[in-house]
Each structure stands twice: as structure tokens, then as C-alpha cells.
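To start, the structure under review is shown below, and the notes come after it.
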Amino acid sequence: MPIIRYFVFVDGLLLALLFTADRYLPAPVEQARPSEPDRTIIRIASARSLPEKIVFDTRPRTDVPIIAQADPAPVVPQHQVREAIAAVPAAPAIEVKKETPVRAAAAARPHPKRSAKLQKRAPDRRLAFERADPFAGGWW
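Per UniProt numbering, numbering of the sequence shown is gapless, rising by one per residue and ending at 140.
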């Protein structure tokens, strides 16, 4: 098989190149780690200053005088209210006649393309093993 010979030959050649490069190239030098910055001198200053803190005093005020209670509203006798309501003329009764809306489409005119419309056909009922498509499993 030519493809297996190809992979054996190419893999052998790459392995030989790897060993040759390891033999003749100098060893890698260990990298010096970057020094950590001196974190004691890092200070962050903002050009903007925050607004002053707002303090809401929610305690009840003691310097405000207590408001005196006003006289209660005069009580209107109930019979005067009933007489006032009885004196108001009654609103005329409006008869609401409910009519069924007649739609223009409900007229008995025939539809011009009704005969050209295709009729829906009921699908044929078949069992799963009677399927004829290629993925049904019958041809393999």
C-alpha cells in the first residue's frame, strides 16, 4: 500500500530532522523572569472629585408647633340630601337596540375561483415497514 509507505517514510524523515536539530542547535537559555513592579508607590488619583455626601434627617421635628384641630365639618341632615337628589330630573331612558352587524362578505354571491381550488386529499395510511423511501431500511 503506497499511502502507508508514504507515512512511514515522511514520519521517519521528520524524526531524523528532529534529532539532528537537537544535536546541532544550542540549548535554550532560561528566560529571566520580569521583575515585579514596586507596588508600594502605585497611587491612583482621579481628576474628578465625588459630590459631597447628602444626609437626610428623618427624625421628627420638635421645633414645629402642633396644629390645632379644626372644628368638624357641619353635618347635613340626611333628609335634605334625599330631597335634593329627588329634585334632580331623571335622565331620559335611552333604548339601546342591539342589531347584528351585517357583513358585506356574508352575501350569497358565489366565489369566482371556488371550482379551481384544489381539494385536500387525506394522506395514505401505511405502517412503518411498508415505507418505500431509501431511509426506511429495506434496501440494506
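Cβ coordinates follow ideal geometry from the N, Cα and C atoms, glycine included. Computed from a prediction, not measured in an experiment: that's the story for all the values here.
Judged by DSSP secondary structure, Val64 falls outside any alpha helix (DSSP H); it is assigned neither H nor E. Across the structure, Val8 and Leu17 are spaced so that their CA atoms are roughly 14 Å apart. Val29 sits in coil when the DSSP states are folded into three classes, being neither helix nor strand.
Rounded to the nearest angstrom, the gap between the Cα atoms of Ile66 and Val75 is 26 Å. Secondary structure note for Leu13: its alpha helix (DSSP H) is the uninterrupted segment Pro2 to Tyr24. Here DSSP, grouped into helix, strand and coil, assigns Arg82 to helix. Rounded to whole angstroms, the gap between the alpha carbons of Ile44 and Val55 is 28 Å.
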